[in-house]
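Peer 1: Residue numbers (the working numbering): 12 to 134.
No residue lacks a Cβ here, since even glycine has one placed at the ideal position from N, Cα and C.
(1) Starting from residue 95, trace the alpha helix (DSSP H) both ways and give me its first and last residue.
(2) Tell me, to the nearest whole angstrom, how far the beta carbon of residue 125 is from that of residue 96; I am working on the premise that it is less than 8 angstroms.
(3) Find out if the Cβ-Cβ distance for the pair residue 84, residue 23 is shorter than 8 angstroms.
(4) Could you give the C-beta distance for residue 15 and residue 44, rounded to a whole number, given that I count them as a contact under 8 angstroms?
(5) Taking the alpha-carbon of residue 27 as reference, which of 92, 86, 41 and 76 has the nearest alpha-carbon?
(6) Are there 16 or more other CB atoms within 10 angstroms of the CB of residue 25, so buried, or fewer, so exposed?
(7) With distance defined between alpha-carbon atoms, name the residue in 117, 118, 100 and 109 nearest to residue 32.
(8) Just the Cα atoms here: how many angstroms apart are residue 133 and residue 65?
(9) Taking the straight line between their C-alpha atoms, what separation do you get for residue 49 and residue 18?
(10) Kindly give me the distance between the Cβ atoms of residue 56 and residue 70, rounded to whole angstroms, as I take these residues to be in contact under 8 angstroms.
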């Protein structure tokens, strides 16, 4: 759990809009897992306070702000991960294909780093 938290802090604080370079599988998936866990926490809070209209609205607004704040780091780490597997950044738009696009992108992002000197260093 410490690796997930430290990786999340590193991506958000130090690599917020760093689109150059590469991200290995570990960096990408630890960040992805942290974002999913944040989403789960917010959904649980929303379900817990569903009947308390005021709190539900406040939690929704906070979740929206957090999601907007994580948008650029998410895009940046995804672009760096695509570069690490040998794909150019426009491949990120594959997620816009209905039904299969997001799954296709996740499968691409799960591929091992490109071998050779262009591969990202492991952390």
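Peer 2: Checking against the coordinates, here is how it stands:
(1) Residue mapping note: residue 95 aligns to position 84 of the chain shown, counting from 1. Taken as a continuous stretch (DSSP letters only), the alpha helix (DSSP H) holding residue 95 covers 64-95.
(2) One-based indexing of the chain shown puts residue 125 at position 114. One-based indexing of the chain shown puts residue 96 at position 85. Yes, residue 125 and residue 96 are in contact; Cβ-Cβ is about 6 angstroms, under 8 angstroms.
(3) Mapped onto the chain shown, residue 84 falls at position 73. Mapped onto the chain shown, residue 23 falls at position 12. Contact flag set, yes.
(4) Within the chain shown, residue 15 is the residue found at index 4, counting from 1. Within the chain shown, residue 44 is the residue found at index 33, counting from 1. About 6 angstroms separates the Cβ atoms of residue 15 and residue 44, confirming a contact at the 8 angstroms cut-off.
(5) Sequence index remark: in the chain shown, residue 27 carries index 16 (1-based). When only C-alpha atoms are compared, the closest one is 86.
(6) For the purposes of this step, residue 25 is taken as the residue at position 14 of the chain shown. Exposed: under 16 other Cβ atoms inside 10 Å.
(7) Here residue 32 is taken as the residue at index 21 of the chain shown, counted from 1. Of 117, 118, 100 and 109, the residue nearest in Cα terms is 100.
(8) Taking the first residue of the chain shown as position 1, residue 133 is located at position 122. Taking the first residue of the chain shown as position 1, residue 65 is located at position 54. With a pLDDT of only 46 at residue 133, under 50, the local geometry of the prediction cannot be trusted, and the value read off the model is given with reservation. Each residue's Cα considered, the two are about 46 angstroms apart.
(9) Position 38 of the chain shown, counted from the first residue, corresponds to residue 49. Position 7 of the chain shown, counted from the first residue, corresponds to residue 18. Each residue's alpha carbon lies about 14 angstroms from the other.
(10) Working through the chain shown from its first residue, we reach residue 56 at position 45. Working through the chain shown from its first residue, we reach residue 70 at position 59. Correct: roughly 5 angstroms between the Cβ atoms.
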